[in-house]
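Read the structure below first, then the notes.
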Amino acid sequence: MNPTETLTELISVRGVSKSFATEGGEKNVLDDVSFSIREGEIVALLGRSGSGKSTLLRCVAGLIAPSEGEVAYRGKRLNGANPGTALVFQSFALLPWLTVIENVELGLEAKGVKTAERRERALRAIDIIGLDGFESAYPKELSGGMRQRVGFARAIVVEPDVLLMDEPFSALDVLTSENLRSELVRMWADGSMPTRTALIVTHNIEEAIQLADRVLVLDSNPGRIKAELSVPMPKPRDRRSPEFEALVDEVYGILTGQKAEPRRETLAATAGDAAAASGLDVPLPTASTGALGGLVGLLAARGGTEGLAEIADDLRYEIDDLLPVVDAALLLKLARPHGPDLRITEQGRRYAAADPLRAKEQFATLAVEAAPLVRRIVRELRHSDSGAIRADDVLAELKAFYGDDDAEQQLDTAIDWGRYGELFEFDADSDRLLLPTHPDAAAGVPSA
Ligand SMILES: Nc1ncnc2c1ncn2[C@@H]1O[C@H](COP(=O)(O)OP(=O)(O)OP(=O)(O)O)[C@@H](O)[C@H]1O
Ligand SMILES: [Mg+2]
């Protein structure tokens, strides 16, 4: 049905890797990413927060250069900005002192288009994108959705071969984003959109499957293409259809599978390094213990097995919020993957059925067994004479493996887990991690 092989390859990404210099050394964000975008295709790039989606998009736009590999436009290797693309960002930087039409014309001005033609083309773009009547309004007079339309108009007015979009709907409320998304689908379907080829970055699975002909799933740490799926259903697509739901489940499964196992390769790569040996480079899923309890409880209540899409729907969780919780459940072996579903383990059943005190004890045992960062902190505390260590020291070590924000998230999560399991406490005033004041609380825990 889709003879993509015969269509022109507009964008080719070949063996792209990208690393950034950080405090803790080189951070490898993208690793050997290759894909192409052919004329008329809409490709979605899906991945968790921090997986490198925006970085990859910026490489495609030619805003940053890959550390290795290359990006080509119509077979020609980029050297600077990609002449065939225009970008729509999450929230558009509109100039507040310019009207809607003046903001839209900006892109053309940069290309040296003459005034009269500029006006005409801008009016057409405004028409297409549903902004007519707002030409002379200032950005502050517009709602978020309308402002984002100006962003779209500014991108399509230059009639790029490929529209690049970085989470273009994520700053909008649900109804507005739904509205804008379905209009986009309609414009693509009826041919009113001048640009028929697009790469859209999203972390919303349903959005990807609603819009795209092909979905690329990006793994994290470092970002690699983990899977590629084509979406064969005709558009507009019915989200409630079994094919749609099956694809959503499949993608959920792929995204969840990625962190089920600690990354042994990373460990091996830095073997010999003292910090790596103690597992600081095995990330703790950034899930709160409360959410973890909620997830295991929900599984137990549902007879033990449930689809991730249903769980997310039920809890009104976004994928970015749910996946770490699922990861934590997998890490602690409270649940395991069962096809695209999540199934509670025997251990998980016991945890769900236990009274709060027993549940805490069980959690503490599992966390020390399975979560290297938690084990590491407990071990250090037990070996320290004062029964206390500086949180800042732990943070500094974590920064060797993670960016500043991620390192802090790791520590915050470890503290939440430690507190809940009564493994250790944290005193914010003195910035110290301490053994619990009731030493007996952790008595049931195997020595770390
Ligand atoms: N200029 C930079 N210097 C150092 N690190 C960077 C830089 N740009 C991005 N990173 C890091 O690269 C990783 C990937 O970032 P990126 O913004 O591409 O992810 P993303 O998938 O778009 O995430 P999100 O869904 O949150 O937008 C992050 O850990 C980020 O901290
Ligand atoms: Mg991003």
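Note that this note's numbering has the sequence shown beginning at 608, numbered continuously upward.
Glycine is no exception: its CB is placed at the ideal position from the N, C-alpha and C atoms.
(request) For R1039, collect the residues of the same chain with a Cβ closer than 8 Å to its Cβ; drop the 5 residues on either side in sequence, then sort them by chain order. (result) Here the set comprises A995, I996, R997, A998 and F1033.
(message) Is T662 close to ligand 1? I mean its beta-carbon at under 7 Å from any heavy atom of the ligand.
(response) yes
(message) I'd like to check one pair, P673 with K625: are the Cβ atoms closer than 8 Å?
(response) yes
(request) In the DSSP assignment, find the unbroken beta strand (DSSP E) run with D990 in it and report its ends. (result) In the sequence as displayed, the identity of residue 990 is His instead of Asp. H990 -> not in any beta strand (DSSP E); alpha helix (DSSP H) instead, spanning P979 to H990.
(message) What does the alpha-carbon distance come out to for the pair L887 and A908?
(response) 35 Å
(request) With DSSP collapsed to three states, give me the class of K967. (result) helix
(request) Determine the direct distance from the alpha carbon of L930 to that of R956, and round the result to whole angstroms. (result) 20 Å
(message) If distances are taken between C-alpha atoms only, which option among A1007, G897, T804 and Q969 comes closest to E616?
(response) T804
(message) Does K1056 come out as helix, strand or coil in the three-state DSSP assignment?
(response) Residue 1056 falls outside the range modelled here, since the chain spans only 608 to 1055, and no answer is possible.
(request) Would you give the residue range spanned by the alpha helix (DSSP H) that A908 belongs to? (result) Counted as a single uninterrupted DSSP element, the alpha helix (DSSP H) harbouring A908 occupies residues T896 to A908.
(request) If I'm right that D773 touches S698 with Cβ under 8 Å, what's the distance once you round it to whole angstroms? (result) About 10 Å; that fails the 8 Å criterion.
(request) Check whether the Cβ of E976 lies closer than 7 Å to any heavy atom of ligand 2, and answer yes or no. (result) Not so, every heavy atom of ligand 2 lies at least 7 Å from the Cβ.
(request) Let me know the secondary structure DSSP gives Y1027 once reduced to three states. (result) helix
(request) Measure from the alpha carbon of S993 to the alpha carbon of each residue in A971, R982, D1023 and P1043, then state which is nearest. (result) P1043
(request) Ignore the nearest five residues each way along the sequence and tell me which others in C666's own chain have a CB closer than 8 Å to its CB. (result) V620, V623, K625, L637, A672, P673 and V678
(request) Measuring only between beta-carbons, confirm whether R788 sits less than 8 Å from chain C. (result) Here there is only one protein chain, and chain C is not present.
(request) Would you tell me roughly how many angstroms separate the C-alpha atoms of I644 and R821, rounded to the nearest one? (result) 10 Å
(message) Let me confirm a value: W1024 is counted as buried when at least 16 other C-beta atoms fall within 10 Å, else exposed. Which label applies?
(response) buried
(request) Please say whether P746 and R756 have beta carbons closer to each other than 8 Å? (result) No, they are not a contact pair.
(message) Tell me the rounded alpha-carbon separation between A834 and I807.
(response) So the alpha carbons of these two residues sit roughly 16 Å apart.
(message) Looking at the strands, I want to know which residues DSSP matches up with E835.
(response) L823
(request) Have a look at L782, R761, I735 and E785 and flag the residue whose alpha-carbon is nearest the alpha-carbon of D797. (result) I735
(request) Tell me where the beta strand (DSSP E) around G676 begins and ends. (result) E675 to Y680
(request) Check whether the Cβ of D845 lies closer than 7 Å to any heavy atom of ligand 1, and answer yes or no. (result) Outside the cutoff, so no.
(request) Give the DSSP bridge partners of E633, in chain order. (result) A628
(message) Rounded to whole angstroms, what is the Cα-Cα separation between D845 and Q817?
(response) 8 Å
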